[in-house]
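Chemist:
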Amino acid sequence: MTHTSPTPGIRPSAHPLPDLHGHGLRLRPWDVDSEADVDAWFRGRTDPDFRRWNTPLKITTDLDSARDSLRDAVRNAAEGTAAAYCVTDAATGAPLGHTGVNVINSLMGYGRVGYWVLPEARGRRVATHALTLTARWALTGPGLGLHRLELDHALGHDASCRIAERCGFRYEGTLRGAMWEAGRHDAYRDMHLHARLATDPDPDVNL
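One point on numbering: in the working numbering, the residue at position 144 of the sequence shown is 148, and numbering is uninterrupted.
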């Protein structure tokens, strides 16, 4: 497990996130005090492909805004309302991307997953393997023990559709006007909804 000094303004969680291992990856909690982590977060959230398909509440424009949004993610994890993981190469420790349960409703046993991969790490099934590790942890007793995980993506994002289905997230329908248009908070677009239940079989992502 990763141990870091507490970040000012963030109370250490009573149940810190465990590291997750598999498929040549190590998933560890993000460290807002690490310049390498802030840089990876900045590059991931300002990448044109990320911006095309995602419009966060706080849009990252520079390293300061990247640090602020990463601090929010770390704080939410400490409060138990989310679980944010830095996806790294198990051998080198190099950051490859992000995965996590961005919304956790413990009362309903529900969560919503998300992920992104840095440009240099694409084409290596990093998203598929990282999402598989995250989902397995979130849906099992030793992890979050959730009943349902949802994954949504903008209509037309075919790569995300394939990753979702490969990882056992069944397509459940199209939601109209359910997410923001790229780079805007005043216009909406449709999205696909996928979901996976704890009772669904574990997919074989090596196929």
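Each residue gets a CB set at the ideal place from its N, CA and C atoms; glycine is no exception.
1. Taking all protein chains shown into account, decide if Asn58 is buried (16 or more other Cβ within 10 angstroms of its Cβ) or exposed.
2. Take Arg170 as the anchor and find which of Val36, His198 and Leu100 has the nearest alpha-carbon.
3. DSSP three-state call for Asp204: helix, strand or coil?
4. If you drop the 5 nearest sequence neighbours on each side, which residues of the same chain put their C-beta closer than 6 Å to that of Asn106?
5. Could you check what DSSP says for Thr8 in three-state terms: helix, strand or coil?
6. Which partner residues of Asp93 appear in the DSSP bridge assignment?
7. Per DSSP, what kind of secondary structure is Asp76 in: helix, strand or coil?
8. If we ignore side chains and look at the alpha-carbon of each, how far apart do Asp43 and Arg128 end up?
9. For His102, tell me which candidate among Trp120, Ser110 and Arg75 has the shortest Cα-Cα distance.
10. Just checking my contact of Leu179 with Thr92 at CB under 8 Å: how many whole Å lie between their CB atoms?
11. Taking 8 Å as the threshold, find out whether the segment 46-54 comes into contact with the segment 130-150 through three or more Cβ pairs.
12. For Thr138 versus Tyr89, is the C-beta distance shorter than 8 Å?
13. How about Met183 and Ala163: are their beta carbons less than 8 Å apart?
14. How would you label Ser73, buried or exposed, when you count the other beta carbons within 10 angstroms and need 16 or more for buried?
15. Would you list the residues sitting across from Val121 in a DSSP beta bridge?
16. So what's Ser17 in DSSP terms, helix, strand or just coil?
17. Give the single residue among His27, Ile167, Val209 and Gly187 whose Cα lies nearest to the Cα of Ala95.
Modeler: So, from the data block:
1. Here the question's residue 58 lines up with position 54 in the sequence shown. Burial call: buried.
2. Start at 1 with the first residue of the sequence shown, and residue 170 comes out as number 166. The candidate whose alpha carbon is nearest that of Arg170 is His198.
3. Locating residue 204 in the sequence shown gives position 200, where the first residue counts as 1. The answer is coil: DSSP assigns Asp204 none of H, G, I, E or B.
4. As a first step, residue 106 must be located in the sequence shown, where it is residue number 102. The residues are Ala86, Arg116 and Gly118.
5. Numbered from its first residue, the sequence shown carries residue 8 at position 4. Note on Thr8: pLDDT 44, under 50, position unreliable in the model; the coordinate value appears next. Coil at Thr8, not helix or strand.
6. Here residue 93 is taken as the residue at index 89 of the sequence shown, counted from 1. In the DSSP output, where bridge partners are listed per residue, Asp93 has Leu29.
7. By 1-based counting over the sequence shown, the position of residue 76 is 72. Asp76 falls in the helix class under three-state DSSP.
8. Working through the sequence shown from its first residue, we reach residue 43 at position 39. Working through the sequence shown from its first residue, we reach residue 128 at position 124. Cα to Cα, Asp43 sits roughly 21 Å from Arg128.
9. Along the sequence shown, read from residue 1 onward, the residue named residue 102 stands at position 98. Of Trp120, Ser110 and Arg75, the residue nearest in Cα terms is Trp120.
10. Position 175 of the sequence shown holds residue 179. Position 88 of the sequence shown holds residue 92. Actually they do not touch by this definition, with Cβ atoms about 33 Å apart.
11. no
12. Counting from 1 along the sequence shown, the entry for residue 138 is found at position 134. Counting from 1 along the sequence shown, the entry for residue 89 is found at position 85. Contact: yes.
13. The sequence position of residue 183 within the sequence shown is 179, counting from 1. The sequence position of residue 163 within the sequence shown is 159, counting from 1. No, the Cβ-Cβ distance between Met183 and Ala163 is not below 8 Å.
14. Along the sequence shown, one-based indexing puts residue 73 at 69. Buried: at least 16 other Cβ atoms inside 10 Å.
15. To locate residue 121, count along the sequence shown from 1; it is residue 117. Answer by DSSP bridge pairing, in chain order: Gly101.
16. Residue numbering aside, residue 17 sits at position 13 when the sequence shown is read from its first letter. Confidence at Ser17 is low in this model, with a pLDDT of 49, below 50, so the placement of that residue is unreliable and no value is reported for it.
17. Within the sequence shown, residue 95 is the residue found at index 91, counting from 1. Closest option to Ala95, Cα to Cα, is His27.
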